[in-house]
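**Student:**
Residue numbers (this note's numbering): 7 to 456.
In structure tokens, the structure reads:
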């Protein structure tokens, strides 16, 4: 019995000694870590999301830290940020989309750990990728019977190399949805929707309950849904707006708004603006939880701003309007052209106080057109076609860094007979940057940025 007691006491002493040593080691390591300061262990970020969507930079640091404020964080080249802190992580969210193919540095100064008094500065460097774009190249040789396949082509702004991602006899439209393209092709009088993987080019038919002609295909920006208007001559007679989940095939028809002639989705896909055949402008909750909100009347839609707070449209009485959806206020937008008696033809709201527009004017008794870029501080003329060509389309990358201007000859050209998104057969697209530098011209149209 005595021997057992002695053994138990000996074990207890050993356990106490081991526990004391471990506690001492933990204290020493804690003090050492506190004295060496805060370090970046690793970072989580997707550079492509930072240029195209609301991406974020997650910094994982070596010790738990106290709250970090936006004033302590800088992102250069200069971009304002929002910041949250939790335990060992700092989440930095840029307040605007970053530029393509640019070196960035995140610097956090004066960080205090939860333990210890020492303050630290940390840095993390990363690069954004080159701008990717996809465009539609329609083939007109061979006639209707032996027509060559239309193609969707991939390229980048920094390279002339191209790659065919998808081909079909008649491609009407396409949009990007996360890591895929959704393509609207035409066969036997109806649309056929297909998903095309950007990584391996594999195709998969999108199930549609009732095949019919679809037009004005758009992505809702949530990585799942697309929308389109059904019915022949929907641009003049109107049709049904339908929202389709491409992953599971579930379809929602927007009811109670009448015949829709045009629509736009907000950047996050939660809202959609529609124009009806009667000229009514309505704001739709795409989840169907709220009633349509009347915004007045319009003859043409512009676009949502990149933050989804503003909507531009051509009023029924003429003149473009920017509608503040939060304040329920509208203001007139006037042409940025320096030419007298100019008026807006196309308008893109790129961000806060930043816009892209095409204006028409009369100079020397001849009609002219130009594209301008207004960043809220100054106006730059980006592009003006020669007298033999007209501007027929305008788009911009999601961060506004690059612009695509479609142009077609005024004379001696013919149009295709596509039932949706018909084109001048000689249409070309000029790719330029926001300084007006022409990067190159491509034989195609309908540029989609990634």
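Ideal placement from N, C-alpha and C gives every residue a C-beta, glycine not left out.
1) From the DSSP output, read off the bridge partner residues of residue 197.
2) If you draw a straight line from the alpha carbon of residue 461 to that of residue 404, how long is it in whole angstroms?
3) List the DSSP bridge partners of residue 90.
4) Where do the ends of the beta strand (DSSP E) carrying residue 415 lie?
5) According to the Cβ coordinates, are residue 140 and residue 187 closer than 9 Å?
6) Would you give the residue range spanned by the alpha helix (DSSP H) that residue 54 belongs to?
7) Give the straight-line distance between the Cα atoms of residue 238 and residue 190, rounded to the nearest whole angstrom.
8) Please classify residue 248: does DSSP put it in a helix, a strand, or coil?
9) Within 10 Å of its beta-carbon, does residue 329 have 16 or more other beta-carbons around it, so buried, or fewer, so exposed?
10) From residue 202 to residue 292, what does the alpha carbon distance come to, in whole angstroms?
11) With DSSP collapsed to three states, give me the class of residue 332.
12) Which residue from 448, 276, 347 puts its Cα closest to that of residue 367?
13) Starting from residue 372 and walking both ways along the beta strand (DSSP E), at which residues does that stretch end?
14) Just mark residue 391 as buried or exposed, buried being the case when its beta carbon has 16 or more other beta carbons within 10 Å.
15) Leaving aside the five residues before and after residue 88 along the sequence, list all residues of the same chain whose C-beta is less than 7 Å from its C-beta, in chain order.
16) With a Cβ-Cβ cutoff of 9 Å, do residue 130 and residue 71 count as a contact?
17) Write down the C-beta distance between residue 270 and residue 310 rounded to the nearest angstrom, noting that I regard them as a contact closer than 8 Å.
18) Starting from the C-beta of residue 302, find all residues in its chain whose C-beta is less than 7 Å away, skip the five residues before and the five after it, and write them out in chain order.
19) From what residue to what residue does the alpha helix (DSSP H) around residue 242 run?
20) Please classify residue 121: is it buried, with 16 or more other beta-carbons within 10 angstroms of its beta-carbon, or exposed?
21) When you compare only the Cα positions, how much space is there between residue 180 and residue 331?
22) Between residue 68 and the rest of its own chain, which residues show a CB-CB distance below 7 Å, the 5 nearest in sequence each way excluded?
23) If I follow the unbroken beta strand (DSSP E) through residue 369, where does it start and stop?
24) Going by DSSP, what residues sit across from residue 314 in a beta bridge?
25) Three or more beta-carbon pairs under 8 Å between the segment 377–389 and the segment 416–435, yes or no?
26) Below 8 Å on the Cβ atoms is my contact criterion, and I expect residue 171 with residue 207 to pass it. Report the Cβ-Cβ distance as a whole number of Å.
27) Give me whichever residues DSSP pairs with residue 307 in a beta bridge.
28) Using only the alpha-carbon positions, how far apart do residue 318 and residue 448 sit?
29) Using CA coordinates, which residue listed in 406, 147, 393 is at the minimum distance from residue 358?
30) Measure the alpha-carbon distance for residue 250 versus residue 213 and round it to whole angstroms.
31) For residue 193 versus residue 450, is the C-beta distance shorter than 9 Å?
32) Just list the residues that DSSP pairs residue 224 with in beta bridges.
33) With the cut-off set at 9 Å, would you say residue 182 and residue 162 are in Cβ contact?
34) Let me know if residue 279 comes out buried or exposed under the rule of 16 or more other beta-carbons within 10 Å of its beta-carbon.
**Tutor:** Concretely, from the data shown:
1) Within the chain shown, the letter at position 191 stands for residue 197. Assignment of beta-bridge partners to residue 197 by DSSP yields 192.
2) Coverage of the chain is limited to positions 7 through 456, which leaves residue 461 absent and any answer about it impossible.
3) Counting from 1 along the chain shown, the entry for residue 90 is found at position 84. Answer is 97.
4) The residue given as residue 415 occupies position 409 in the chain shown. Going by DSSP, residue 415 is part of the beta strand (DSSP E) stretching over 408–415.
5) Here residue 140 corresponds to residue number 134 of the chain shown, with the count starting at 1. Here residue 187 corresponds to residue number 181 of the chain shown, with the count starting at 1. Yes; because the gap between Cβ atoms is below 9 Å, this pair is in contact.
6) One-based indexing of the chain shown puts residue 54 at position 48. Looking at the DSSP string, the run of the alpha helix (DSSP H) that includes residue 54 is 53–58.
7) As a first step, residue 238 must be located in the chain shown, where it is residue number 232. As a first step, residue 190 must be located in the chain shown, where it is residue number 184. Approximately 15 Å between the Cα atoms of the pair.
8) Taking the first residue of the chain shown as 1, we reach residue 248 at position 242. Residue state for residue 248 is assigned as strand, using DSSP reduced to three classes.
9) Translated into the one-based positions of the chain shown, residue 329 becomes position 323. It counts as buried.
10) The residue you call residue 202 lines up with position 196 of the chain shown. The residue you call residue 292 lines up with position 286 of the chain shown. Between residue 202 and residue 292, the C-alpha separation is close to 25 Å.
11) Within the chain shown, residue 332 is the residue found at index 326, counting from 1. Of the three classes helix, strand and coil, the one that applies to residue 332 here is coil, per DSSP.
12) Counted from its first residue, the chain shown places residue 367 at position 361. When only C-alpha atoms are compared, the closest one is 347.
13) On the chain shown, residue 372 is found 366 positions in, with the first residue counted as 1. Note, residue 372: beta strand (DSSP E), 372–380.
14) Here residue 391 corresponds to residue number 385 of the chain shown, with the count starting at 1. So residue 391 ends up on the buried side.
15) Indexing the chain shown from 1 puts residue 88 at position 82. Hits under 7 Å: 76, 99, 101.
16) The count along the chain shown starts at 1 and reaches residue 130 at position 124. The count along the chain shown starts at 1 and reaches residue 71 at position 65. Contact: no.
17) Locating residue 270 in the chain shown gives position 264, counting from the first residue. Locating residue 310 in the chain shown gives position 304, counting from the first residue. With 8 Å as the limit, residue 270 and residue 310 qualify as a contact, their Cβ atoms being about 6 Å apart.
18) Position 296 of the chain shown, counted from the first residue, corresponds to residue 302. These residues qualify, in order along the chain: 287.
19) Position 236 of the chain shown, counting from 1, holds the residue named residue 242. Residues 240–243.
20) Taking the first residue of the chain shown as position 1, residue 121 is located at position 115. Label assigned to residue 121: exposed.
21) Taking the first residue of the chain shown as position 1, residue 180 is located at position 174. Taking the first residue of the chain shown as position 1, residue 331 is located at position 325. Roughly 28 Å between the two C-alpha positions.
22) Taking the first residue of the chain shown as 1, we reach residue 68 at position 62. The answer, listed in chain order, is 39, 44, 45, 47.
23) The residue you call residue 369 lines up with position 363 of the chain shown. Where residue 369 is concerned, the enclosing beta strand (DSSP E) stretches over 360–369.
24) As a working mapping, residue 314 is identified with position 308 in the chain shown. Looking at the DSSP assignment, residue 314 forms no beta bridge with any residue, so it has no partner.
25) no
26) Locating residue 171 in the chain shown gives position 165, counting from the first residue. Locating residue 207 in the chain shown gives position 201, counting from the first residue. With a Cβ gap of about 6 Å, residue 171 and residue 207 count as contacting.
27) Within the chain shown, residue 307 is the residue found at index 301, counting from 1. Per DSSP, 319.
28) On the chain shown, residue 318 is found 312 positions in, with the first residue counted as 1. On the chain shown, residue 448 is found 442 positions in, with the first residue counted as 1. For residue 318 and residue 448, the distance between alpha carbons rounds to 29 Å.
29) In the chain shown, the residue the question calls residue 358 occupies position 352. For residue 358, the nearest C-alpha among the options comes from 406.
30) Stepping through the chain shown from its first residue, residue 250 is reached at position 244. Stepping through the chain shown from its first residue, residue 213 is reached at position 207. Answer to the nearest angstrom: the Cα atoms are 9 Å apart.
31) Your numbering for residue 193 matches position 187 in the chain shown. Your numbering for residue 450 matches position 444 in the chain shown. For residue 193 and residue 450, no; Cβs fall outside 9 Å.
32) Looking up residue 224 in the chain shown gives position 218. DSSP lists 233 as partners of residue 224.
33) By 1-based counting over the chain shown, the position of residue 182 is 176. By 1-based counting over the chain shown, the position of residue 162 is 156. Against a cut-off of 9 Å, the Cβ pair of residue 162 and residue 182 comes out as no contact.
34) The residue given as residue 279 occupies position 273 in the chain shown. Buried.
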